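Structure first, then comments.
Numbering (the working numbering), first residue to last: 37 to 347.
The following block contains the structure:
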């Protein structure tokens with residue numbers, strides 16, 4: 037900064053209680069002798085929503101419907117998070133309910149929607165759920181995560197191509213991939229209205245599938261709905277229970293769920309993240325290698341003289 041050619045020193049306005057990534061940026065800015073770059077870098081986080089999850093004596097039947105007495109707790113309304121705002125409640129609206137039976141958490145999400153998104157292949161393409169109509173359930177078992185590598189995030193597609201029914205997968209969390217292998221105890225079901233006016237997704241999530249023992253007073257969660265309204269596999273509107281910032285990626289903005297009476301079994305382990313790091317190594321990508329051979333542009337800043345096939 038300068039005034040008539042004379043250097044000016046900008047004032048630093050330190051923030052307290054910085055999350056790790058913002059503290060790292062502040063420290064970098066100070067090392068670069070430009071501490072003012074970090075002024076107000078961390079947003080003002082609003083108060084997070086909270087809810088109590090009731091325990092029911094009989095396990096709900098996972099059939100995509102709210103049976104009598106299965107979900108006695110409050111309905112949690114989802115609001116606009118990202119993308120195009122819903123033009124009306126018939127365009128897109130949603131609410132979620134949680135309940136617990138023993139060591140299993142149950143979630144019921146009712147979605148009003150006026151237009152179906154594209155149906156994806158149930159066996160080969162149950163992934164990247166934001167491309168079509170879907171529900172995402174995010175859980176941070178101990179409510180202390182700074183990123184989603186220590187969380188559980190599962191998505192349910194309520195319908196798939198050719199009447200294939202619902203499918204589930206995990207994405208961007210502690211263990212990614214098809215729910216059948218990454219959350220083997222998870223059970224999902226859906227009902228889809230005909231004529232189409234929306235759908236209901238129901239899921240059973242064993243707390244044993246979460247990456248750490250659940251703290252019944254600190255469990256945090258978010259429920260997100262992706263509304264497509266197109267057949268070109270693109271999203272349009274996004275709703276969330278805790279609808280702030282990167283609502284699917286920042287666990288510290290998720291809402292708090294209290295589980296009264298729940299005591300996690302002793303000795304339950306904490307699992308390290310299983311991240312598919314091979315996807316970030318261009319040498320392991322057939323498409324990257326093919327591009328190198330065609331263009332001569334080196335992989336990852338390597339020498340043009342080095343063949344991609346050279347160890």
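C-beta atoms are modelled at their ideal positions from N, C-alpha and C, and glycine is treated no differently. These numbers come from a predicted model, not from an experiment.
Tell me which residues share the same chain as residue 200 and place their Cβ nearer than 6 Å to its Cβ, disregarding the 5 neighbours each side in the sequence. The beta carbon of residue 200 lies closer than 6 Å to those of 158 in the same chain, with the five residues before and after it left out.
Measuring alpha carbon to alpha carbon, tell me which of 102, 154, 111, 222 ends up nearest residue 191. 222
Below 8 Å between beta carbons: does that hold for residue 166 and residue 283? no
What separation, rounded to the nearest whole angstrom, lies between the Cα atoms of residue 270 and residue 329? 32 Å
Sheet register partners of residue 99 (DSSP bridge): Per DSSP, none; premise fails for residue 99.
For residue 40: DSSP bridge partner residues: Answer is none; residue 40 lacks a bridge partner.
Please go through the same chain and pick out, in chain order, the residues whose beta-carbon is closer than 8 Å to the beta-carbon of residue 49, but skip the five residues on each side of it. 72, 75, 76
Give me, in chain order, the residues of the same chain whose beta-carbon lies closer than 6 Å to that of residue 412; leave out the 5 immediate sequence neighbours on both sides. Residue 412 lies beyond the residue range present for the chain, which begins at 37 and ends at 347; the question has no answer from this structure.
Could you tell me which of 56, 59, 64, 69 sits nearest to residue 47, measuring between CA atoms? 69
Run the CB neighbour count on residue 238, radius 10 Å, all protein chains shown included, and call it buried at 16 or more, exposed below. buried
So residue 87 and residue 112 are supposed to be a Cβ contact under 8 Å. How far apart are they, rounded? 6 Å
Can you give me the Cβ contacts of residue 119 inside the same chain, cut-off strictly under 7 Å, excluding the 5 residues immediately before and after it? Annotation for residue 119: 271, 272, 273, 274 place their beta carbon closer than 7 Å to its own, counting only its chain and skipping 5 residues before and after.
According to DSSP, residue 256 sits in a beta bridge with which residue or residues? 176, 292
Among the residues of its own chain, which have a CB less than 8 Å from the CB of residue 285, if the five just before and after it don't count? 183, 184, 208
Any beta carbon from chain D within less than 8 Å of residue 84's own beta carbon? Of the protein chains in the structure, only one exists, and it is not chain D.
Would residue 210 and residue 307 qualify as a contact pair, given that the criterion is a beta-carbon distance under 8 Å? When the beta-carbon positions are compared, residue 210 and residue 307 come within less than 8 Å of each other.
Buried/exposed call for residue 265, threshold 16 Cβ in 10 Å: Residue 265 should be labelled buried.
Mind checking whether residue 107 and residue 135 have CB atoms under 8 Å apart? It is a contact, given that the beta carbons lie within the stated cut-off.
Over the uninterrupted alpha helix (DSSP H) stretch that includes residue 238, give me the two end residues. Counting along the chain, residue 238 sits inside no alpha helix (DSSP H); it lies in the beta strand (DSSP E) bounded by residues 234-242.
When burial is assigned at 16 or more other CB atoms within 10 Å of the CB, is residue 228 buried or exposed? buried
Is it the case that the stretch 167-178 contacts the stretch 210-220, given that we only count it when at least three CB pairs across the two stretches are under 8 Å? no
Of the listed residues 290, 91, 277, 186, nearest to residue 146 (C-alpha basis): 277
Let me know if residue 60 comes out buried or exposed under the rule of 16 or more other beta-carbons within 10 Å of its beta-carbon. exposed
Own chain, CB closer than 8 Å to residue 131, minus 5 neighbours either side, in chain order: 111, 112, 113, 114, 145, 146
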